[in-house]
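Quick notes on the structure that follows.
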Amino acid sequence: MNSVPRSNQYDAIVVGAGLAGLVAAYEITKAGKKVLLLDQEPEQNIGGQAFWSLGGLFLVNSPEQRRMGIKDSYELALQDWMGTAGFDRKEDHWPKQWAEAYVKWATHEMRDYIRQVGIRFFPVVGWAERGGYDAQGPGNSVPRFHVVWGTGPGTVMPYAQKAYEAKKKGLLEMKFRHRVTDLMLNGNKVLGVKGEILEPSDKLRGQETSRKVVGDFEIEGPNIVISSGGIGGNFELVRKNWPKRLGKPPKKMVCGVPAHVDGLMLQSVEKAGVNIINPDRMWHYTEGLENWDPIWPNHGIRILPGPSPIWLDAEGNRFPAPYLPGFDTLGTLEYILKTGYEYSWFILNQKIIKKEFALSGSEQNPDLTGRNIKLLLQRPFGNNATGPVEAFKKHGVDFIVEKDLQVLVRRMNKLVKKDLLDYEKIKGVIEARDREIDNKFSKDAQIMAIRNARKYLGDRLIRSAKVHKILDPNAGPLIAVRLNLLTRKTLGGIETNLDSQAFNKKGELVEGLYAAGEAAGFGGGGYHGYRSLEGTFLGGCIFSGMKAGKSIAGNN
Numbered sequence: 001m002n003s004v005p006r007s008n009q010y011d012a013i014v015v016g017a018g019l020a021g022l023v024a025a026y027e028i029t030k031a032g033k034k035v036l037l038l039d040q041e042p043e044q045n046i047g048g049q050a051f052w053s054l055g056g057l058f059l060v061n062s063p064e065q066r067r068m069g070i071k072d073s074y075e076l077a078l079q080d081w082m083g084t085a086g087f088d089r090k091e092d093h094w095p096k097q098w099a100e101a102y103v104k105w106a107t108h109e110m111r112d113y114i115r116q117v118g119i120r121f122f123p124v125v126g127w128a129e130r131g132g133y134d135a136q137g138p139g140n141s142v143p144r145f146h147v148v149w150g151t152g153p154g155t156v157m158p159y160a161q162k163a164y165e166a167k168k169k170g171l172l173e174m175k176f177r178h179r180v181t182d183l184m185l186n187g188n189k190v191l192g193v194k195g196e197i198l199e200p201s202d203k204l205r206g207q208e209t210s211r212k213v214v215g216d217f218e219i220e221g222p223n224i225v226i227s228s229g230g231i232g233g234n235f236e237l238v239r240k241n242w243p244k245r246l247g248k249p250p251k252k253m254v255c256g257v258p259a260h261v262d263g264l265m266l267q268s269v270e271k272a273g274v275n276i277i278n279p280d281r282m283w284h285y286t287e288g289l290e291n292w293d294p295i296w297p298n299h300g301i302r303i304l305p306g307p308s309p310i311w312l313d314a315e316g317n318r319f320p321a322p323y324l325p326g327f328d329t330l331g332t333l334e335y336i337l338k339t340g341y342e343y344s345w346f347i348l349n350q351k352i353i354k355k356e357f358a359l360s361g362s363e364q365n366p367d368l369t370g371r372n373i374k375l376l377l378q379r380p381f382g383n384n385a386t387g388p389v390e391a392f393k394k395h396g397v398d399f400i401v402e403k404d405l406q407v408l409v410r411r412m413n414k415l416v417k418k419d420l421l422d423y424e425k426i427k428g429v430i431e432a433r434d435r436e437i438d439n440k441f442s443k444d445a446q447i448m449a450i451r452n453a454r455k456y457l458g459d460r461l462i463r464s465a466k467v468h469k470i471l472d473p474n475a476g477p478l479i480a481v482r483l484n485l486l487t488r489k490t491l492g493g494i495e496t497n498l499d500s501q502a503f504n505k506k507g508e509l510v511e512g513l514y515a516a517g518e519a520a521g522f523g524g525g526g527y528h529g530y531r532s533l534e535g536t537f538l539g540g541c542i543f544s545g546m547k548a549g550k551s552i553a554g555n556n
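Numbering of the sequence shown is given in the working numbering, commencing with residue 1 and proceeding in unit increments.
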C-alpha cells in the first residue's frame with residue numbers, strides 16, 4: 001500500500017481536478033495552506049469536462065450586457081431563476097439558499113473575481129433558455145450567457161496555471177491516476193481517503209483510459225473536498241436515477257461528456273453516509289448529434305440553435321410553443337418522450353444554418369477557443385457556416401442536404417428505416433409557416449419569437465437570421481437534421497451548507513468534509529432545481545469551489 005500516514009502533511013485533499021477542484025485548491029493555497037490534488041485520470045485531463053465546454057457563464061448586469069443595450073438586475077435574474085428552478089421539496093432548503101447567493105454573487109462580485117485570474121469575455125452576450133412562458137415562468141428574460149474568450153480552456157486553464165504555480169511553491173502536490181473509493185471516518189469526522197492507483201495512461205485528453213489497478217493508497221488529511229463531477233458518462237446510473245415524471249428512460253442516447261464522468265465517487269460517499277439529494281434531477285439536451293469524429297465513446301455534440309428551424313417530431317408534427325429551438329430544454333425533452341420516440345427533426349435551409357447554428361464544445365469553435373480574431377471575422381461573410389458545422393453537414397450521419405423537399409423527406413425516412421414522414425403533410429406545415437412571413441405581424445408563435453430575437457443587437461449580429469421563407473430557393477439548399485437525446489449534467493448531488501460543508505443522512509455536518517461543483521449539484525445539492533438557465537454550470541463550479549476553498553482557508 002502506498003500510504004501517507006502523517007495527518008499534518010496536507011491541510012486539504014481535493015478529490016477531482018476539474019474546475020471546481022482547481023478553484024478550491026486556488027483558494028486554499030492562496031492562504032498558504034498545503035493541498036493534495038487527486039484525480040483518477042492522467043494529468044493531460046486536468047480541468048475535467050469544463051475544458052470541453054463552450055465556456056458560458058451566467059452574469060447579471062455586467063458591462064458586457066450594458067454595452068449590448070441589455071437592462072438586467074438582481075431582482076429580474078432572481079425572478080427568472082426561481083421561476084425556472086421550481087423548488088418544491090423539503091430537500092430544497094439549502095439549494096434555494098445557494099441559488100439566491102449565486103445570483104447575488106453573479107450580480108456584484110463574480111466578474112471581478114474571475115478577472116483576477118485573467119478570464120475575459122467575447123463581447124456579444126448570448127440568450128439561452130428563452131422560456132416562452134409568462135414573466136414568472138422558466139427562462140431568461142434577457143441575454144445572460146457570457147462566452148469566455150477562449151471558451152472552456154480559457155475558463156479552466158487560468159486556474160490550472162494557479163495550481164502549477166502553487167506546486168512550484170511547495171503548496172500543492174498532484175497525484176493523477178489515483179481513484180478515491182472510500183472516505184476514512186472516525187464517527188462523524190473525516191480522517192482521509194482510500195483508493196486505487198490505476199496504471200499510467202498516455203491517452204489524449206478526453207479519450208477513455210484504462211481501469212487496470214496497479215496499487216492502492218491511504219492518505220490522511222483533516223479536510224476533504226469532493227469535486228469529482230456527475231454521472232453523465234455512466235448510462236447505467238443515468239437510467240437508474242431517471243425521473244419517473246419523464247416516463248421510461250430512453251434506450252438510445254448520445255454522450256455529451258467523457259467516460260470518466262462516471263459518478264462512482266458519488267456512490268462511494270453515499271455508502272459512507274453522506275447525504276445525496278435530488279438524484280432524479282438531471283439536465284439532458286434534445287439537440288444531440290452523433291459525432292462523426294469522436295473523442296470519447298458514443299460522443300455526442302449539442303447544437304446550439306437559433307430560433308428559426310422548424311422543429312418536428314418523429315411523425316412530422318410541428319412542435320407547439322413554447323417548445324421552440326433554444327427556449328425550454330426540459331419541457332421539450334418531456335414533450336419528445338411523450339411522442340413515443342426518442343428523436344426529433346429540424347428542417348431549415350443554408351441561410352439559417354449559416355447564421356444560427358453553433359455547436360457546443362471548445363473543439364467545435366476554433367475561432368473562439370483559439371482567440372483567433374481573423375478566423376472569427378469570417379463568420380459573417382460568405383454562404384457557409386463555420387468550418388465545424390459544415391463538416392458535420394458533410395460527414396455527420398444525422399444531416400441530410402437536398403434542394404428538393406420531397407427528396408429530403410424520402411431520405412429522412414430512409415435514415416430512420418421507417419416511413420413515418422409524409423411529404424404532403426410536411427410540405428403543408430412549412431408552407432403554412434412561410435405564409436406568415438408576408439406581413440410584419442403574425443399569429444405564429446415562432447415567427448413572433450424570431451422577430452423578438454432580432455430586436456436584440458447580439459442576435460441580429462450573429463445568432464438570428466432575417467425572417468424569410470424556408471422554401472425560398474435562394475435560401476437553400478434545404479437541410480434536415482435528426483436530433484438525438486444527449487446526456488450532460490447531474491442537477492442533484494451532495495447536500496451542503498453555504499460554506500460547502502457536507503451533511504450526512506442524519507442532517508449533521510460531517511466535520512472536515514466539503515463538496516463542490518457537479519458533485520454538489522453545483523451548490524447545496526441542486527441549486528438549479530429542475531431546470532438551468534445556462535451558464536450556471538461553470539459558474540456553479542467556480543462559486544462552490546471558491547466557497548469550499550475559502551472555508552478551509554479560514555479554518556485554523
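Glycine included, each C-beta is placed from N, C-alpha and C at the ideal position.
Proximity of residue i and residue j at Cβ, strictly below 7 Å
i	j	result
I13	V125	no
G476	N349	yes
I277	A519	no
A20	G525	no
L486	G288	yes
W557	G206	Residue 557 lies beyond the stretch modelled for the chain, which goes from 1 to 556, so this question has no answer here.
E173	G549	no
Y285	R488	yes
E129	L533	yes
V147	G154	no
F145	G458	no
N140	D80	yes
Counted within 10 angstroms of its Cβ, other Cβ atoms place residue i as buried (16 or more) or exposed
i	result
G187	exposed
P5	Annotation note: pLDDT 44 at P5 (below 50); position unreliable, no value reported.
N439	exposed
Y164	exposed
S73	exposed
N556	Because N556 carries a pLDDT of 39, less than 50, the predicted location of this residue cannot be relied on, and the following value inherits that uncertainty. The residue in question, N556, is exposed, as its Cβ has fewer than 16 Cβ neighbours within 10 Å.
V261	buried
D11	buried
L204	exposed
D558	Past the edges of the chain, shown from 1 to 556, lies residue 558, and the structure says nothing about it.
K168	exposed
R302	buried
S210	exposed
F441	exposed
F392	buried
V397	exposed
F217	buried
R177	buried
V180	buried
Delimiting residues of the alpha helix (DSSP H) encompassing residue i
i	result
Y335	T329 to K338
L368	P366 to T369
I447	A445 to A453
F399	It is not in any alpha helix (DSSP H) - F399 instead sits in the beta strand (DSSP E) that spans F399 to E402.
V23	L19 to K30
I373	I373 to L376
V103	H93 to H108
P138	Here P138 belongs to no alpha helix (DSSP H), and DSSP marks it neither H nor E.
K168	T151 to K168
M68	That residue, M68, is in no alpha helix (DSSP H); it is neither H nor E in DSSP.
L76	Y74 to A85
Chain C within 7 Å of residue i, Cβ atoms only
i	result
N484	Included in the structure is just one protein chain, with no chain C present.
Counterpart residues of residue i in DSSP-defined beta bridges
i	result
R302	G288
L36	I13 and E173
S344	L483
H146	L57
F121	V148
G47	G18
E359	The question names Glu, yet the displayed sequence has Leu at residue 359. Paired residues: I303.
Closer than 6 Å: residue i CB and nearest the ligand FMN heavy atom
i	result
G526	No copy of the ligand FMN occurs in the structure displayed, which carries no ligand at all.
Opening and closing residue of the beta strand (DSSP E) in which residue i lies
i	result
K189	K189 to L198
I219	V213 to E220
H178	H178 to N186
I552	Unbroken run through I552 is the alpha helix (DSSP H), T536 to A553; no beta strand (DSSP E).
W311	I310 to L312
I224	I224 to I226
- Item | Complete beta strand (DSSP E) runs within the segment 236–299 (minimum length 3 residues, chain order) | 282–290
- Length at least 3, wholly inside the segment 476–519: the beta strand (DSSP E) runs in chain order: 478–490, 501–503 and 509–515
- Could you pull out every unbroken beta strand (DSSP E) segment of at least 3 residues lying fully inside the segment 383–431, listed in chain order? 399–402
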